[in-house]
Amino acid sequence: NDVWLVEFYAKWCSSCKQFKPMLESVAQDISLTKQNVKIGVVDADRNPSLALRFFISRLVKV
Numbered sequence: 001n002d003v004w005l006v007e008f009y010a011k012w013c014s015s016c017k018q019f020k021p022m023l024e025s026v027a028q029d030i031s032l033t034k035q036n037v038k039i040g041v042v043d044a045d046r047n048p049s050l051a052l053r054f055f056i057s058r059l060v061k062v
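As structure tokens, this is what we get:
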């Protein structure tokens, strides 16, 4: 029973680029606490079927 934190992004998305340092910080914090949380990033443009599987219909501003 793995827990996942997944970011869906696109290369053209400026908000996604701004979010990257926050995601890296969260990943580091999770690593330090040794919690069983896996982190992944998915390019929604290159993996549209995976985005649809998780009901990702648009990328939002942060």
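Residue numbering for the sequence shown follows UniProt numbering, starting at 1 and increasing by one per position. The beta carbon of each residue, even a glycine, is placed where N, CA and C say it ideally should be.
- Under 8 Å Cβ to Cβ from V42, same chain only, skipping five residues before and after it: list those, please. Stepping through the sequence shown from its first residue, residue 42 is reached at position 42. Closer than 8 Å at Cβ, skipping near neighbours: V6, E7, F8, Y9, L50, A51.
- To which residues does DSSP link I39 through a beta bridge? On the sequence shown, position 39 is the one that residue 39 refers to. I39 is bridged to L5.
- Between F54 and the rest of its own chain, which residues show a CB-CB distance below 8 Å, the 5 nearest in sequence each way excluded? Translated into positions along the sequence shown, residue 54 becomes position 54. Same-chain partners within the cutoff: V6, F8.
- Selected residue, minimal CA-CA separation from residue 64, among R46, R58, N47, M22: This structure does not reach residue 64, given that the chain is present from 1 up to 62, and the question cannot be answered.
- Take the Cβ of L59 as the centre, count every other Cβ of all protein chains shown within 10 Å, and call the residue buried at 16 or more, exposed below. Taking the sequence shown and counting its residues from 1, one reaches residue 59 at position 59. Buried.
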